Structures are given as structure tokens and as C-alpha cells.
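Colleague: Residue numbers (the working numbering), protein chains in the order written: chain A, 60 to 398; chain B, 395 to 936. By construction, the Cβ of each residue, glycine as well, lies at the ideal position given by its N, Cα and C atoms. Predicted, not measured: the structure shown is a model, and the values here were computed from it.
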Amino acid sequence: MLNSPPSLSKTDPAGPPTSSAARPALPGWVDLRTLALLGVLAILVLVGALTKPDQFLSTGNLQLILTQASVIGVVTVGITFVIIGGGIDLSVGAMVALASVWATTLATQDFGFGGMLMCAVLVGLGAGLINGVLIAYGPMVPFIATLAMMASARGLSLQLSEGKTQMVTVDSVLSLGERDAYVLGIPPLVLVFAVVTVLGWLLLNRTTFGRRTVAIGGNAEAARLAGIAVKRQRLMLYLLSGLCCGIAAFMLIILTGSGQNTNGNLYELDAIAAAIIGGTLLSGGRGTIVGSVLGVLIFTTITNLFALNNLQSAPQQIAKGAIIVAAVLLQRRLNRTDN
Amino acid sequence: MAPPPKDSPPESPPVEEPPSAPPPDDSGRQGERPSRVPPVLTMTGITKSFPGVRALAGVDLEVAPGEVHCLLGQNGAGKSTLIKVLAGAHQPDDGEITWQGHPVTLSSPSAATAKGIATIYQELDLVPHLSVAENVHLGHELATAGFIRAREAERATRSLLSRLGHPEISPRALVGELSAAGQQIVSMARALSHEVRLIVMDEPSAVLDPDEVENLFRIVAELTADGVAVIYISHRLEEIRRIGDRVTVLKDGRAVAGGLPAQSTATRDIVALMTGRDVEYSFPRRTEPLDESAEPVLRVEGLARRGEFEPVDLVVRPGEIVGLAGLVGSGRSEILETVYGARKPTAGRVVLDGKPLRTGSVVAAVKAGLGLAPEERKAQGLLMMESVTRNVTLSSLPRFSTGGWLDREGERTAARARTGELALHPNDPERAVRTFSGGNQQKAVLARWLLRGCRVLLLDEPTRGVDVGARSELYALIRQLADQGVAVLLVSSELPEVLGLADRVLVLREGRVVHTAPAEQLDESRVLDLVMEGSPEPEGRP
């Protein structure tokens with residue numbers, strides 16, 4: 060319809076000065092922020108190697124760090140999408156707890172590996188669906204809707220488990236946590252984390268889903284007026300977060316060989332913090348999966364360093380807080396320079 | 395909003411001084427008054443750079459007490475930066491500011507305020523959830539030991555508001571509930587709540603209706619009669635002629651002309667200084683006659699929204715441009731957004747190519763072939779942090795994807811082709827859209843619909859915040875789209891724009907269509923009469 064090109068004068072004095080030469084030759088995800096995060100991680104590794112040379116760099120310890128990062132990492136990938144889309148999900152920890160409890164009830168364990176996995180995933184999706192419907196169609200403020208889910212899901216998981224630790228008796232589940240199941244020295248959970256990361260990256264950067272997520276987070280009104288189904292996209296984001304929590308819950312079951320209502324405690328704070336450190340804008344519209352994953356690795360490495368050096372968790376919390384502040388201040392500086 | 399103040403006896407300061415400040419139509423004020431008195435403000439060699447941009451490259455500006463000094467320049471010429479320097483919001487890299495004879499450093503907004511410099515920004519800086527009185531005294535609350543003396547603040551606010559000709563605004567009203575024009579009055583009251591010697595007004599008339607503009611001019615006249623200097627920024631030359639004493643023209647961060655007499659400098663010269671060309675915008679004429687027999691693409695039947703606009707009927711044929719003329723608040727934008735599905739109508743329907751659209755659904759409207767260039771480009775139209783490409787393809791993502799997987803190269807190629815057609819400058823669609831000028835941002839919005847291939851284009855204030863040069867380009871572009879068979883529904887506050895572009899014009903007043911006529915049968919004064927008085931007798935509709 061609008062085919063033949065309107066030919067207009069090529070002069071527009073209002074145009075800003077061109078700086079076309081300044082196109083970085085690096086691939087898209089290797090930017091200054093990523094390099095800065097890698098730098099921080101490298102420093103932490105260096106500190107570990109210097110303070111506890113034998114222990115920190117041992118294969119076992121590295122496997123431990125990565126395994127610990129895996130569960131919270133999967134949760135973080137999900138929450139990164141939600142935050143980029145202009146939302147927040149405070150219920151991730153509670154959803155992990157509920158999914159882990161539900162999937163380890165005696166009734167569910169009767170269905171074996173597949174049944175438990177299915178259960179964890181469905182519980183996550185279900186909770187995510189409720190979040191999404193409330194937020195997109197309620198409409199409710201994400202903070203409040205997911206705060207309510209955080210309370211309810213945690214409560215329900217307490218009720219289901221009666222506060223007891225539910226031991227897993229299904230061998231095929233337990234065996235995945237064993238050393239025998241490692242692939243080339245890599246624990247299966249780490250592989251899952253890696254796969255989720257890659258899929259998350261592709262979803263964010265290479266699909267319409269990702270593009271729409273960035274659009275509604277950057278300017279929901281503009282996205283709506285461009286014809287994007289904003290509500291449906293919001294719903295999908297919370298579904299995705301729920302799905303990630305379901306997967307993470309199953310990973311936690313493998314890791315601990317049990318399910319309990321205290322699982323995933325404060326995951327929401329760790330996941331949000333990791334995303335923020337990774338450069339995700341809390342107001343939405345900007346963020347990267349690589350950044351979030353590096354954020355998770357930085358946090359986990361700090362925890363590990365403190366544990367190896369026999370330090371209490373108090374200084375560890377303080378250090379994490381300081382890192383969040385430093386990361387955000389640094390990013391503001393970086394943002395200013397490339398504007 | 396407020397009725398135009400008739401003679402408004404001001405309660406407080408405005409002193410009746412020799413060059414008394416009678417209401418606007420005062421022809422006694424000519425451009426000679428300044429320059430005898432020592433200037434209140436002198437800026438010399440002001441430079442300011444931002445990473446990658448030299449916003450000001452040595453600007454000189456001299457303002458006399460009691461004068462209206464107009465700043466003219468295209469977008470990006472440096473006006474905003476200059477007034478931010480003056481407001482203490484930016485620190486100049488170099489240059490000197492002399493205030494009332496003394497060199498000063500305006501290190502912060504509060505330092506500027508303390509000196510008596512007030513700035514009324516284009517984007518109003520008010521707190522929507524606070525009351526009018528609280529906003530007026532924000533930052534310098536009337537308080538005893540931290541406790542606010544609310545009554546006194548309200549009294550003071552009330553007297554400021556009546557001085558500004560708007561006694562009907564309650565000091566207790568929440569600012570967020572006022573109209574844009576009302577908010578501007580509050581901004582002005584805030585400026586006057588300080589001891590001011592210079593007020594900077596950044597496009598104050600952009601959000602105002604004609605009668606409110608008159609009120610603004612009256613206020614300006616009163617202020618200057620008091621010896622307060624006004625720096626007045628506007629895109630509208632006729633306003634500058636009306637109230638300006640002298641004009642400084644900025645271009646590319648330099649003052650290309652300073653202190654020109656506002657009334658006697660030829661328009662041609664001013665435009666030439668601003669653009670380097672000597673044409674004002676012109677409206678392209680239709681090349682082929684409109685096919686009157688063609689079946690309308692868009693048919694709006696009895697569409698209404700309670701409290702916003704009464705049932706409206708209209709048709710737009712392929713290739714036709716239909717204009718909606720009316721004041722702010724007459725329901726023009728609301729009609730446009732309801733047609734587009736962004737608002738749900740309380741009655742009526744929208745029919746596209748004979749098929750009724752699901753009402754209240756933008757998704758359905760876009761799918762059916764509607765496109766909207768919204769009024770607030772930044773807030774409603776664009777993802778400012780994203781590249782032009784991503785903004786352009788936003789409404790056509792399915793076309794560039796297989797099973798949700800994006801063909802990014804295809805996107806880039808298609809976007810570049812469209813922006814090339816629209817002469818995006820610079821034609822680098824990978825750059826973030828926020829780095830482009832207003833006119834070029836609008837081109838990005840249009841490119842989105844060009845790419846999508848829409849049948850009906852709804853344009854809401856397509857040239858707001860667009861400079862003179864880029865305007866003509868946009869006009870030519872809109873005409874060209876229509877000539878290709880797109881049906882265009884156009885809303886604009888600028889009557890020449892509606893009259894110059896549209897084939898047919900619907901005149902709106904307070905949510906009602908009061909007149910419909912071919913554009914060539916209307917002129918500006920006739921339309922102004924209609925929008926302000928309303929048509930006395932029901933006019934025959936063609």
C-alpha cells in the first residue's frame with residue numbers, strides 16, 4: 060500500500076551530529092558492563108586463590124560453587140525477564156518452596172521421576188499463572204500481587220509438609236545428585252543451569268517474545284499503541300518466572316534429596332540483587348541474561364570465599380550489600396558515559 | 395479551564411507604572427525600550443559540551459530589565475541547554491554570567507532562584523500528588539520549626555493565582571488533577587512566589603488554548619511593566635511579534651543574531667537565520683483530485699465516550715486527509731484514540747473497509763490496518779532507549795519472525811529502507827531513537843506504519859516539537875502517503891496545519907462536532923470563531 064518511496068530532501072539541519080564511526084566491533088553481549096562484571100569475578104577468584112590456594116581452586120570446590128549457583132541462577136534468569144518487562148516477582152522463593160514440597164509428597168513420589176518433575180513444573184506454572192492473571196488482568200501492582208503470592212505459597216507449603224522435611228526415596232532423582240552422574244566432571248544441575256541460560260539468552264535477544272518484553276518494560280504505553288498485546292505479554296512473563304521456579308525447585312530436590320517449606324528462603328532478594336548487579340534496570344526496559352548470570356556467580360563466589368575463610372554470615376551479608384551499592388553506582392557512571 | 399480574564403484587577407504587586415501594562419493588544423510597546431538601561435543579565439561566551447555533543451559553542455545573550463527577550467532556534471539549537479545553564483541546572487564549561495552588574499556563578503537551581511531567576515520548563519516540574527499551594531511553596535515552605543503554616547501558604551497561593559488571572563484554581567486542589575494549562579499557571583505561581591527579576595519561559599504556549607495564551611500575554615505584560623525581564627522561547631513567530639521586544643536566534647549552539655527588534659525583523663530573515671533557508675513551511679497541494687465516489691476506508695458511526703465527546707460520525711476515503719480542529723480539551727485526541735481502540739467507547743462503532751472493528755482493542759485496530767502517531771511522541775510513541783530499527787519494526791514483528799524467531803538482518807534492511815524513504819537524518823537506524831531530533835523521531839513513528847503498511851493513519855499533533863525545516867518535510871510526507879491511498883485523520887492545534895493539509899475539516903468544540911466543511915471553504919478566523927463561540931446556527935453539512 061505504501062510502496063512508492065516519498066522522496067524528500069536529504070537535508071535536515073535539526074539532525075544531531077553524526078558519530079557513525081563509533082560502532083564497537085565487539086559482539087553485542089561483550090560490552091563494558093559485562094567486562095566489568097567479569098573483572099569483579101576475576102578479582103574474587105584471585106582473592107580465593109591467594110587466601111586458600113589449595114581449597115578454592117580444587118575441582119570439588121569449583122563444582123560446589125557452580126552447583127550452588129545453579130538453583131538460584133535458574134530463578135534469576137526468570138526474574139530477569141520479569142524485571143526487564145517492567146515488573147517484579149517477590150514470590151520466587153515461596154514458589155520454589157511450594158513446588159519442592161508438592162513434588163516430594165509421598166503421593167507425588169509414587170509417580171517417580173517424571174511425576175515429580177512434572178509436578179514441580181506445574182506448581183511453578185500454576186503460581187506464575189495466578190500472579191500473571193492478577194497483574195495483567197486484575198490489574199494489580201506486581202509488587203503487591205507477588206507479595207501476596209509470597210505469603211500464600213509459603214503458607215501452603217508449610218501446610219502441605221506440616222513443617223517436616225520430606226525425604227526423597229526415588230533413586231533416579233537422588234542419583235542425579237551423585238558424583239557418578241557428573242558429565243565430564245560437570246554436575247547435571249550445572250548443565251541444566253547452562254541450558255536455561257542459553258535458552259534465556261536466545262529468548263531475550265533473538266525472539267519476538269524478548270523484543271516485546273523489552274518494549275513493554277521500556278514504555279508500556281508506546282508498546283500498547285504500537286499494537287502489542289501488553290497484557291498477554293505480562294501474563295507470559297510471570298508464567299515464565301513460575302516455570303523457572305518449578306525447574307529450580309526440582310534442582311533443589313536433587314541437590315538436597317528432600318523437599319521442605321523453608322526452601323528458597325530469601326531467593327527473591329538474591330535473585331533481584333543478582334539481576335541488578337548484572338545491569339538490569341529495576342524500572343524495566345533494559346537488562347541482560349549474561350549480566351544476571353554473572354551477578355549470580357559473583358554472589359555465590361563471595362559466599363564460598365567467606366565459608367572457606369571460616370567467616371560468619373554477618374560480614375558476608377554486609378559485603379553483598381556493599382557490592383550491590385557499588386555495582387549500581389558503577390553502572391550509573393557507565394550509563395552516563397555512553398549517553 | 396479558566397475563562398479569559400477580562401480586565402482582571404490584580405490584587406497585589408503589579409504596579410501601574412508609566413509604561414502601563416494594559417491587556418495584550420497594546421501597540422504602544424515597541425522594541426526600543428531596552429538597551430538604555432544597564433542589562434539585568436549578560437551571558438558571554440557560554441559553552442557547554444556533553445559527551446559527543448557540543449550543545450553550546452560560545453553563546454552571548456543580553457537581557458534588559460522589563461524586556462521580553464525571545465529565544466528562537468530549531469530543536470537542538472541549544473535553547474534548552476542555555477536556559478538550563480541559566481537555571482543553575484547545568485554548569486557551563488566556559489563563559490561568564492553577569493547578573494545585575496556582578497559576575498556570578500549559578501551553581502545550583504536554588505542559587506539561581508535566590509538570585510531572582512525563575513524558570514518555567516516545557517515539561518512541567520510539579521509534584522502531581524501535592525496540592526497547588528504545596529507545589530507553589532515546594533523547596534521554600536512557609537514553616538515554623540518544620541511545621542508548615544498551611545493557611546498562610548494557601549492565602550499566599552490564592553493571591554498569586556488571582557494575580558495570574560486564575561482565581562478559580564483552588565490552592566488545595568491536587569496538581570495532578572489540573573489541566574496542562576492549569577499546571578502551567580501553578581508553575582508560574584511558583585516562579586512568582588520568589589522575588590524574581592527574570593523569568594525564563596520555555597514554550598509556555600505549547601499546551602495552551604488561544605484564550606489562555608491571551609492570559610499568558612497579559613501576565614507577561616504585567617511582569618515586564620514591573621521591571622521583570624522575561625526570556626521567552628517559542629516556535630510560534632506570531633507570538634514573538636506580539637509580545638517580544640528583542641530576539642536572539644540560536645543555531646547549532648551559537649547565537650547567530652542577538653538583539654534583533656522583535657517586531658520589525660522580517661519573518662524571512664528570522665527563518666533564514668534559524669534554518670539557513672529562507673522559506674517558512676509550505677503545504678504541498680494535492681496533485682490529483684480526490685475520488686469522491688470511492689468507498690470510505692474508515693467509517694466512524696455514532697462513536698461517543700461519556701464525559702469526553704458526544705456521538706461523532708465521520709468517513710475518510712482512500713487518499714483523503716480529514717482534519718479535526720478544536721482546542722485542547724475539545725475531545726480531538728480522545729476521538730482519535732477511541733477510533734484506534736486505545737479508549738473504549740460508550741457508544742458507536744468504527745468500521746474499516748465495511749467490517750466493524752472490535753472496540754477498545756488496539757491489537758485489533760492495528761491488525762485491521764490502523765496506525766497512530768500519538769500526541770506525546772516520547773511517552774506514547776517511542777521506546778526512547780531502543781534503536782530506530784527496533785522502534786520501526788515494533789508493529790511488524792510477526793513479519794520478521796518464524797515461530798517467534800527474529801530475522802534481525804531482515805529487520806535492519808527493511809527499517810533502513812523505510813527510514814531512507816523518509817530521509818531520516820542521520821540515516822543510521824541503529825542509533826538510539828533518543829539521539830534524534832523531534833522531527834526525525836516523528837519520522838521513526840511514521841516509518842513504523844509505513845513498514846506495517848496501514849490503510850488508515852491517525853496523526854495526533856504530528857509536528858509538535860518539530861522545527862520549521864522538518865515540518866515542511868513532514869507535510870510533504872503526509873501528503874504523499876495520502877496520495878498513495880492512505881486515509882489520514884489529522885488532529886492539530888495549529889490551524890494553518892489543519893487547513894493547509896486537510897481536504898475536509900471537522901470543527902470540534904467541547905466534545906461536539908460543530909461544523910464540517912471542505913478545507914478550502916474555511917479560513918483561520920472562521921474556524922477560530924467556531925471553536926471559541928460555537929456555530930450559532932446548525933450549519934449545513936456537505
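Take arginine 648 of chain B as the anchor and find which of B/Arg448, B/Glu632, B/Gly894 has the nearest alpha-carbon.
Modeller: Looking up residue 648 of chain B in the second sequence gives position 254. Among B/Arg448, B/Glu632, B/Gly894, the Cα nearest to that of arginine 648 of chain B is on B/Arg448.
Colleague: Under the DSSP definition of a beta bridge, which residues are partnered with tyrosine 626 of chain B?
Modeller: Reading the second sequence from its first residue, position 232 is the one you call residue 626 of chain B. Answer is B/Cys464, B/Met595, bridged to tyrosine 626 of chain B.
Colleague: If you reduce the DSSP assignment to three classes, tell me which class alanine 415 of chain B lands in.
Modeller: Here residue 415 of chain B is taken as the residue at index 21 of the second sequence, counted from 1. Residue confidence is low: alanine 415 of chain B scores 39 on pLDDT, short of 50, so the model does not pin down where it sits. No coordinate-derived value is stated.
Colleague: Considering only heavy atoms of the ligand MG, does any lie closer than 7 Å to the CB of arginine 345 of chain A?
Modeller: The ligand MG is absent from the structure shown, which contains no ligands of any kind.
Colleague: Taking C-beta pairs closer than 9 Å, name the residues in chain A that glutamine 485 of chain B reaches, listed in chain order.
Modeller: Residue mapping note: residue 485 of chain B aligns to position 91 of the second sequence, counting from 1. Result: empty, since nearest Cβ-Cβ is about 15 Å, beyond 9 Å.
Colleague: Looking at the structure shown, is methionine 154 of chain A part of a helix, part of a strand, or coil, going by DSSP?
Modeller: Here residue 154 of chain A corresponds to residue number 95 of the first sequence, with the count starting at 1. Here methionine 154 of chain A sits in helix by DSSP.
Colleague: Check this for me: beta carbons of alanine 385 of chain A and glycine 354 of chain A, under 8 Å apart or not?
Modeller: Within the first sequence, the letter at position 326 stands for residue 385 of chain A. Within the first sequence, the letter at position 295 stands for residue 354 of chain A. No, they are not a contact pair.
Colleague: Among B/Cys848, B/Thr492, B/Leu480, B/Asp488, which residue has its Cα nearest to the Cα of serine 443 of chain B?
Modeller: By one-based count along the second sequence, residue 443 of chain B stands at place 49. Considering only alpha carbons, the answer is B/Asp488.
Colleague: Would you report the Cα separation of leucine 500 of chain B and valine 921 of chain B, rounded to the nearest angstrom?
Modeller: Start at 1 with the first residue of the second sequence, and residue 500 of chain B comes out as number 106. Start at 1 with the first residue of the second sequence, and residue 921 of chain B comes out as number 527. Distance between the alpha carbons of leucine 500 of chain B and valine 921 of chain B: 46 Å.
Colleague: Go ahead and label glutamine 319 of chain A buried or exposed: buried means 16 or more other beta carbons lie within 10 angstroms of its beta carbon, across all protein chains shown.
Modeller: Within the first sequence, numbered from 1, the residue matching residue 319 of chain A stands at position 260. Answer is buried; the Cβ neighbour count reaches 16.
Colleague: For isoleucine 613 of chain B, which of B/Glu867, B/His560, B/Glu571 has the nearest alpha-carbon?
Modeller: Counting from one through the second sequence, the residue named residue 613 of chain B turns up at place 219. Checking every option, the nearest Cα to that of isoleucine 613 of chain B belongs to B/His560.
Colleague: Can you name the residues of chain A whose CB is closer than 8 Å to the CB of glutamine 836 of chain B?
Modeller: Position 442 of the second sequence, counted from the first residue, corresponds to residue 836 of chain B. Near glutamine 836 of chain B there are no residues of chain A at all, since even the closest Cβ is about 11 Å away, more than 8 Å.
Colleague: Determine whether the beta carbon atoms of threonine 163 of chain A and threonine 339 of chain A lie at a separation below 8 Å.
Modeller: Against the first sequence, residue 163 of chain A aligns to sequence position 104. Against the first sequence, residue 339 of chain A aligns to sequence position 280. For threonine 163 of chain A and threonine 339 of chain A, no; Cβs fall outside 8 Å.
Colleague: Between the stretch 759–770 of chain B and the stretch 251–263 of chain A, can you find at least three pairs of beta-carbon atoms closer than 8 Å?
Modeller: Taking 8 Å as the limit for Cβ pairs, the verdict is that the stretch 759–770 of chain B does not touch the stretch 251–263 of chain A.
Colleague: Whole angstroms is fine: what's the gap from arginine 640 of chain B's alpha carbon to alanine 600 of chain B's?
Modeller: In the second sequence, the residue the question calls residue 640 of chain B occupies position 246. In the second sequence, the residue the question calls residue 600 of chain B occupies position 206. Distance between the alpha carbons of arginine 640 of chain B and alanine 600 of chain B is about 21 Å.
Colleague: Would you list the residues sitting across from isoleucine 939 of chain B in a DSSP beta bridge?
Modeller: Past the boundaries of the shown model lies residue 939 of chain B; chain B is included only from 395 to 936, so the question cannot be answered.
Colleague: Determine the contact status of histidine 463 of chain B and threonine 642 of chain B, defining contact as a CB-CB distance below 8 Å.
Modeller: The count along the second sequence starts at 1 and reaches residue 463 of chain B at position 69. The count along the second sequence starts at 1 and reaches residue 642 of chain B at position 248. Yes, these two residues count as a Cβ contact at 8 Å.
Colleague: Once DSSP output is grouped into helix, strand and coil, what is the label at threonine 538 of chain B?
Modeller: Translated into positions along the second sequence, residue 538 of chain B becomes position 144. In this structure, threonine 538 of chain B counts as strand in the three-state DSSP scheme.
Colleague: For lysine 645 of chain B, count neighbouring Cβ atoms within 10 angstroms of its own Cβ and tell me buried if that reaches 16, exposed if not.
Modeller: Taking the second sequence and counting its residues from 1, one reaches residue 645 of chain B at position 251. The residue in question, lysine 645 of chain B, is buried, as its Cβ has 16 or more Cβ neighbours within 10 Å.
Colleague: Measuring straight from C-alpha to C-alpha, what distance separates glutamine 836 of chain B and leucine 875 of chain B?
Modeller: Position 442 of the second sequence, counted from the first residue, corresponds to residue 836 of chain B. Position 481 of the second sequence, counted from the first residue, corresponds to residue 875 of chain B. Whole-angstrom Cα-Cα distance: 15 Å.
Colleague: Should the stretch 374–383 of chain A be called in touch with the stretch 292–309 of chain A, which here means at least 3 C-beta pairs below 8 Å?
Modeller: The answer is no - the stretch 292–309 of chain A does not touch the stretch 374–383 of chain A, with fewer than three Cβ pairs under 8 Å.
Colleague: Tell me where the alpha helix (DSSP H) around leucine 341 of chain A begins and ends.
Modeller: Translated into the one-based positions of the first sequence, residue 341 of chain A becomes position 282. Here leucine 341 of chain A belongs to no alpha helix (DSSP H), and DSSP marks it neither H nor E.
Colleague: Using a beta-carbon distance cut-off of less than 9 Å, what residues from the stretch 254–275 of chain A approach chain B?
Modeller: Listed in sequence order: Leu261, Leu262, Asn264, Arg265, Thr266, Thr267, Phe268, Gly269, Arg270, Arg271, Val273, Ala274.
Colleague: Which same chain residues end up closer than 7 Å to arginine 846 of chain B when comparing Cβ atoms and leaving out the 5 residues on each side of it in sequence?
Modeller: Translated into the one-based positions of the second sequence, residue 846 of chain B becomes position 452. These residues qualify, in order along the chain: Gly765, Ser789, Ser790.
Colleague: Compile a chain-ordered list of the residues in the stretch 217–238 of chain A whose CB is closer than 9 Å to at least one CB of chain B.
Modeller: So the list is empty, because no residue satisfies the distance condition.
Colleague: Please report how far the alpha carbon of arginine 810 of chain B lies from the alpha carbon of arginine 793 of chain B, in whole angstroms.
Modeller: Here the question's residue 810 of chain B lines up with position 416 in the second sequence. Here the question's residue 793 of chain B lines up with position 399 in the second sequence. The straight-line gap from Cα to Cα measures roughly 16 Å.
Colleague: Compare the C-beta of glutamate 597 of chain B with all C-beta atoms of chain A and state if any pair is closer than 8 Å.
Modeller: Against the second sequence, residue 597 of chain B aligns to sequence position 203. Not closer than 8 Å to any Cβ of chain A, the Cβ of glutamate 597 of chain B fails to qualify, so no.
Colleague: Note down, one range per segment and in chain order, each alpha helix (DSSP H) of at least 4 residues found wholly within the stretch 685–743 of chain B.
Modeller: 726–733, all fully within the stretch 685–743 of chain B.
Colleague: Grab the span of the alpha helix (DSSP H) containing proline 890 of chain B for me, first residue to last.
Modeller: Position 496 of the second sequence holds residue 890 of chain B. Looking at the DSSP string, the run of the alpha helix (DSSP H) that includes proline 890 of chain B is 889–895.
Colleague: Which residues of chain B have a Cβ atom closer than 8 Å to the Cβ of arginine 283 of chain A, listed in chain order?
Modeller: To locate residue 283 of chain A, count along the first sequence from 1; it is residue 224. Those are Ala736, Val756, listed as they occur along chain B.
Colleague: Let me see if you follow: with CB-CB separation under 8 Å, is glutamate 327 of chain A close to chain B or not?
Modeller: By 1-based counting over the first sequence, the position of residue 327 of chain A is 268. Not one chain B Cβ lies under 8 Å of glutamate 327 of chain A.
Colleague: Can you tell me whether alanine 537 of chain B is buried or exposed, with buried defined as 16 or more other CB within 10 angstroms of its CB?
Modeller: Here residue 537 of chain B corresponds to residue number 143 of the second sequence, with the count starting at 1. With fewer than 16 Cβ atoms within 10 Å of its Cβ, alanine 537 of chain B is classed as exposed.
Colleague: Counting along the chain, where does the beta strand (DSSP E) carrying leucine 853 of chain B start and finish?
Modeller: Stepping through the second sequence from its first residue, residue 853 of chain B is reached at position 459. Leucine 853 of chain B -> beta strand (DSSP E) spans 850–854.
Colleague: Could you tell me whether any Cβ in chain A is nearer than 8 Å to the Cβ of serine 781 of chain B?
Modeller: For the purposes of this step, residue 781 of chain B is taken as the residue at position 387 of the second sequence. By this cut-off, serine 781 of chain B is not an interface position.
Colleague: In terms of DSSP beta bridges, what is proline 683 of chain B paired with?
Modeller: Sequence index remark: in the second sequence, residue 683 of chain B carries index 289 (1-based). Paired residue(s): none; proline 683 of chain B is not in a bridge.
Colleague: Going along the chain, which residues of its own chain have a beta-carbon closer than 8 Å to the beta-carbon of arginine 427 of chain B, five neighbours each way excluded?
Modeller: Numbered from 1 along the second sequence, position 33 holds the residue referred to as residue 427 of chain B. Its pLDDT being 48, under 50, arginine 427 of chain B is placed unreliably by the model, and the measurement read from it follows with that caveat. Cβ within range, chain order: Pro413, Ala458, Gly460, Glu461, Asp639.
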